[in-house]
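Shown next, in structure tokens, is the structure this report addresses.
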Amino acid sequence: MFIFAATPALELWAVIPVGIALGMNPLGVATFGFLGNIIPVYLIIIFFTRIKSWLQVRGYIGKKPAQSRKRSYRFFKKYGVPGFAVGAPFLVGVHVAAFLVLTMGAKKRGALLWMTVSIAFWTIVLTTASSALYVKGALI
Numbered sequence: 003m004f005i006f007a008a009t010p011a012l013e014l015w016a017v018i019p020v021g022i023a024l025g026m027n028p029l030g031v032a033t034f035g036f037l038g039n040i041i042p043v044y045l046i047i048i049f050f051t052r053i054k055s056w057l058q059v060r061g062y063i064g065k066k067p068a069q070s071r072k073r074s075y076r077f078f079k080k081y082g083v084p085g086f087a088v089g090a091p092f093l094v095g096v097h098v099a100a101f102l103v104l105t106m107g108a109k110k111r112g113a114l115l116w117m118t119v120s121i122a123f124w125t126i127v128l129t130t131a132s133s134a135l136y137v138k139g140a141l142i
């Protein structure tokens, strides 16, 4: 579960419901899902400057912001780090959200705090919902 949770496309959204549907212990699934998401996010935030430089040298990040980044920036300005951390996982995933929030000027400490809160919140919500659906027989 840890490896799947650390995979950007899967993250918590697939890992927790699938793990619980397979009959795994919900607490174990939640724990490994949380850790699988939070560890890469912490690494992205801690090594942000190096990652950003590496992407710029290779041309993955241009000088002119893309249209999607402009939309992200408006969302960030309106809701701040807390809103971006909680809302962005729906749209781009927590790994990309962690990187984006720093490119928009957030402090590393705030990003670490709010990404942790967001991942913990969604882990609890998804584990509770998936467990309830599994008990009712709807998640099989």
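Numbering-wise (the working numbering), the sequence shown opens with residue 3 and increments by one. Quick reminder that beta carbons are idealized off the backbone N, C-alpha and C, glycines included.
Judged by beta-carbon spacing, P84 lies within the 9 Å limit of W116, meaning their Cβ atoms are closer than that value. Assignment of R60 by DSSP, reduced to helix, strand and coil, places it in the coil class. Residue nearest to T33 within the set L45, L14, L102 is L14 (criterion: CA-CA distance).
Residue environment: L104 is assigned as buried (16 or more neighbouring CB atoms within 10 Å of its CB, all protein chains considered).
Excluding the 5 residues flanking it on each side, I18 has same chain C-beta neighbours closer than 6 Å at V31, G35, L128, T129, S132, in chain order. Taking a C-beta distance under 9 Å as the contact criterion, N39 and V96 qualify as a contact pair.
A distance below 8 Å between beta-carbons, with the five flanking residues on each side excluded, links I47 to the following residues of its chain, in chain order: A100, L104, K110, A113, L114, M117. In this structure, F86 is the residue among M26, A16, F86, V20 with its C-alpha nearest to the C-alpha of V119. Taking a C-beta distance under 9 Å as the contact criterion, A23 and Y136 qualify as a contact pair.
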